Amino acid sequence: MEKRMEAKEIEGLRLSLVIFFSNKTAVVGLMIFMAYVIDALLMQFAPSMLGVNNPNALAFDYSNTIPQPPSPEHILGTTYFGVDLLQAIMQAIRIDLGYSGLIVISGALIGALFGIISAYAGGWFDEILMRITDIFFGIPYLVLALGVGFALGRTIESMIIALIIVWWPLYARYTRSLTLSIKEQTFIEAAKASGVSDLKIMIKHIFPNTLPPVLVQISLDLGVVMAIFATLTFIGFLPTGNLPELGYLTSLGLNYIQIAPWATIFPGLAITIFALAVNLMGDGLRDVIDPRRRSS
Amino acid sequence: MKLWAYILRRILILIPTLIGLTLMVFVIIHLQGNNLLLAQYLNPRLTGPAKQQQLEALTERFHLNDPVYIQYFYWLQQIITGDWGYTNTPIYSGSVTTAISLFLPNTIIIAVFASIIIWLLSIPLGVSSAVNRDSIRDHLIRVSSFTLYAMPIYLIAIALIILLGVYFHVLPFSGPVNPLLVSNLDWYKNGISYPTHILLIDALIHGNLTVAWDAFLHVIMPSVTLALGIMAGIIRILRASMLEVLEQDYIRLARAKGVPEKIVINLHARRNALLPVATSFGYTVAGLLGGAVVIETVFNYPGIGYWTTQALLVNDVGGIMSSTLLFGLILVFTTLILDILYALIDPRIRY
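One line per chain: the protein sequences are A and B, in this order. For the first sequence, the tail end lands on 304 under the working numbering, and the numbers increase by one without skipping. For the second sequence, the tail end lands on 1082 under the working numbering, and the numbers increase by one without skipping.
Next up, the structure:
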């Protein structure tokens, strides 16, 4: 019996992989995403391999601060303060990807916690939680992030906390709606009938079943959060001047947009390509977990 | 549920939302301590004991020594009576209410232009993308809306600046008007136009067509950027819902009866496909407001959003408070009106 279950699960996994890899654009998205992840990991654990001494700071070159066009020496050219763009973008990907991953995953965990409890408990607790998320949805997320960031002080930590605060209500609503439909299924009823405690049902039966759609949502949201993260630094949220971050890099090039458009184009492309890639990948993943979408 | 009962319930829900909203804004502006709050009222020329005396007077006046939960009610009273404090930013110093009356019209004009562009472009594009499924046009629309959807809005702005502003020199991309044109006008002082504070309308009132045309040119880039950023999502929703509607039995019946294809699509299919777009209209408003913050900053357009980012950079309480509160109030009340309208249009929502 056990063995048969296992074989069935492996078969299911194989089928999912076949479906995912038959979607060409999703595979391209996955490959680009992996390239970004590898870059971030290398930058984290072996920055010297990429020729970077300090991955947390931009390498200014005060001898020639005016942006230079792409050349064999600087493949993507340089931006203001003589920063080599290729190197800066590779540094920035670690910061952007790492922090947006942190934001989305913490937001998803907090949201899942509240969403599952709220849907499972129902009643007034559910009502209160929904009204709280209403309040968070009542302010445009960027304005809310600005406000929370203002309250906590303009540092990178407060920016991350602000974005988590903005992001969790989304996941609370999403896991709530997922839990509501899972709750009605027979295996939950069976678990209840055989005397499993509510806590155990939530942790062992409901949470794992909400996981696949939530993971897809996380992959789709990575691009959005990276965009907001870059937007905040672009409008000058962080007072520090040498953080390698894609939004900040774009703003460095902005003053030279007339004579050196590459200084804004390349950091911008780095964000756009990433956002496109995770969207394509997420769409492919969604087809895997939702058979209804596959046929169309 | 009866219609009036639904509306009543919807309005009752508004009360906790409004309390929560104001509470959140209250927390945001109080977390940094009282000094920043007092700074907006303090006379900067005072020093020594005089300054101390004024600080004490202000602390007394705003009940800052009371417990925090009591302060909230005093603050709420202040907000309701229209005393929103003072702001001191590089683009404007003075009372917050005056600042709102100066900046809000500019944000509204950008949002209105953007909405017009969205409405004119997204519906035909979404419908034709779905009707000509898998054609070259469909692929083009899908790829471009997908890319725009993925791009942060400030990058769309920069792309337009590089393309239309820098290379082709067709559109201006900084500020609300060419400063040389308005330097000697008696109805335009220190970047403020009178009487409506909307330069475009004021110029028309005073019959100055050159300025009106220039002001219009300056509005195009910000509103097009805003529209492009928001349109992408609408086109995707509309395409999906249109494809779904075209599969329905009543469409097949209409076609089988021999109704011309044009009428099937424009009359039967499009109206039903627009329903999911209409219900996501609240998100459109949120997108317009949030996007305006970025757009106005990139284009130096003096609206609420530009004021907000300026306020953030100089740690100005008044600007941050009013933008969070104002945008929150606008959004909460639009959603209320929209929800009631949906209930009127579609009785299914009431249940």
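Quick reminder that beta carbons are idealized off the backbone N, C-alpha and C, glycines included. Just so we're clear, the structure is a prediction, and the values are computed from it rather than from any experiment.
Let me know if S304 (chain A) comes out buried or exposed under the rule of 16 or more other beta-carbons within 10 Å of its beta-carbon. Summary for S304 (chain A): the model assigns pLDDT 41, below 50, so the residue's position carries little reliability; its value from the coordinates is reported in the next sentence. Exposure of S304 (chain A) is indicated by the presence of fewer than 16 other C-beta atoms within 10 angstroms of its C-beta.
Counting C-beta neighbours from all protein chains within 10 Å, is the total for D295 (chain A) 16 or more, i.e. buried, or is it exposed? Buried, since its Cβ has 16 or more Cβ neighbours within 10 Å.
Exposure of R740 (chain B), with buried meaning 16 or more beta-carbon neighbours within 10 Å: Counting Cβ neighbours within 10 Å, R740 (chain B) comes out exposed, since fewer than 16 surround it.
For I923 (chain B), name the three-state secondary structure that DSSP assigns. In this structure, DSSP gives I923 (chain B) an extended state, which the three-state scheme calls strand.
Separation of I951 (chain B) from P903 (chain B), as counted between CA atoms: The straight-line gap from Cα to Cα measures roughly 9 Å.
Chain A contacts made by the segment 877-891 of chain B, where a contact means CB separation under 8 Å: Along the segment 877-891 of chain B, the positions whose C-beta sits under 8 Å from a C-beta of chain A are F877, T878, Y880, A881, M882, P883, I884, Y885, L886, I889, A890, read in chain order.
V112 (chain A) and L288 (chain A) look like a contact to me (Cβ under 8 Å); what is the Cβ gap, rounded to whole Å? No, V112 (chain A) and L288 (chain A) are not in contact; Cβ-Cβ is about 17 Å, not under 8 Å.
Report, in whole angstroms, the separation of the C-beta atoms of G1034 (chain B) and N819 (chain B), which I expect to be a contact under 8 Å. Incorrect: roughly 18 Å between the Cβ atoms, too far for contact.
Do the CB positions of L969 (chain B) and S853 (chain B) come within less than 9 Å of each other? Less than 9 Å separates the beta-carbon of L969 (chain B) from that of S853 (chain B).
Output yes if chain A places a C-beta closer than 9 Å to the C-beta of P1087 (chain B); else output no. This structure gives no information on residue 1087 (chain B), because the portion of chain B shown stretches from 732 to 1082.
Is the Cβ of V1025 (chain B) closer than 9 Å to any Cβ of chain A? For V1025 (chain B), a Cβ of chain A is located within less than 9 Å of the residue's own Cβ.
Buried or exposed (CB count within 10 angstroms, at least 16 for buried), Q1086 (chain B): With chain B running from 732 to 1082 in the structure shown, residue 1086 (chain B) is simply not present.
Using a Cβ-Cβ distance cut-off of 9 Å, determine whether V151 (chain A) contacts chain B. Closer than 9 Å to some Cβ of chain B, the Cβ of V151 (chain A) qualifies, so yes.
Cα-Cα separation, K733 (chain B) to F145 (chain A): K733 (chain B) and F145 (chain A) have their C-alpha atoms spaced approximately 27 Å apart.
Answer yes or no: does any C-beta atom of chain A fall closer than 9 Å to that of I936 (chain B)? Closer than 9 Å to the CB of I936 (chain B) there is not a single CB belonging to chain A.
Can you confirm whether L49 (chain A), when its beta carbon is compared against all beta carbons of chain B, has any partner nearer than 9 Å? Chain B contact via Cβ: absent.
Locate the alpha helix (DSSP H) running through N287 (chain A), then write down its first and last residues. Bounds of the alpha helix (DSSP H) holding N287 (chain A) are 270-297.
Can you check whether the CB of T1010 (chain B) is closer than 9 Å to the CB of I965 (chain B)? Going by C-beta atoms, I965 (chain B) is not nearer than 9 Å to T1010 (chain B).
Bridge partners for Y817 (chain B) per DSSP, in chain order? Bridge partners of Y817 (chain B): B:S826.
By the three-class DSSP mapping on this structure, what secondary structure does I18 (chain A) have? Helix at I18 (chain A).
Contact list for G1059 (chain B) against chain A, beta-carbon separation under 9 Å: Within 9 Å Cβ-Cβ: I143, G146, I147, P148, V151, L152.
So, with DSSP's three-state summary, where would you put V672 (chain B)? Outside the modelled stretch of chain B, which goes from 732 to 1082, sits residue 672 (chain B), for which no answer is possible.
I1051 (chain B): which of B:L743, B:T1066, B:A736, B:M755 sits nearest, CA to CA? Among B:L743, B:T1066, B:A736, B:M755, the Cα nearest to that of I1051 (chain B) belongs to B:M755.
Any idea what DSSP makes of V950 (chain B), helix, strand or coil? Helix, per DSSP.
9 Å Cβ cutoff, M39 (chain A) in contact with chain B: Taking Cβ atoms only, chain B never reaches closer than 9 Å to M39 (chain A), which makes this a no.
Minimum C-alpha distance to W176 (chain A) - residue among A:H82, A:A116, A:P220, A:I164: It is A:A116.
Can you tell me whether D69 (chain A) is helix, strand or coil according to DSSP? The three-state reading of DSSP puts D69 (chain A) in coil, since its state is none of H, G, I, E or B.
Who are T87 (chain A)'s beta bridge partners in DSSP? Looking at the DSSP output, T87 (chain A) sits in a beta bridge with A:V91.
Could you tell me how far apart the beta carbons of A96 (chain A) and P216 (chain A) are, in whole angstroms, since I believe they sit closer than 8 Å? With 8 Å as the limit, A96 (chain A) and P216 (chain A) do not qualify as a contact, their Cβ atoms being about 41 Å apart.
Compute the distance between the beta-carbons of A268 (chain A) and I74 (chain A), then report whether it is under 9 Å. A contact, by the Cβ cut-off of 9 Å.
Whose C-beta lies closer than 7 Å to the C-beta of P220 (chain A) among residues of the same chain, with five residues either side of it excluded? Annotation for P220 (chain A): I297 place their beta carbon closer than 7 Å to its own, counting only its chain and skipping 5 residues before and after.
When DSSP labels each residue in this structure, what does E978 (chain B) get in the three-state scheme? If DSSP states are grouped into helix, strand and coil, E978 (chain B) belongs with coil.
Please identify, using Cβ separations under 8 Å, the residues of the segment 802-833 of chain B that lie next to chain A, in order along the chain. From the segment 802-833 of chain B, no residue has a Cβ closer than 8 Å to chain A.
Any Cβ of chain A within less than 9 Å of the Cβ of S846 (chain B)? Closer than 9 Å: no.
Proximity winner among A:G292, A:Y182, A:F242, A:L188, relative to A154 (chain A) (alpha-carbon distances): Contrary to the premise, residue 154 (chain A) reads as Leu rather than Ala in this sequence. Residue A:F242 is the option with its Cα nearest to L154 (chain A).
Selection from B:L1044, B:L1006, B:A958 that minimises the alpha carbon distance to L1069 (chain B): Shortest Cα-Cα distance from L1069 (chain B) to any of B:L1044, B:L1006, B:A958 involves B:L1006.
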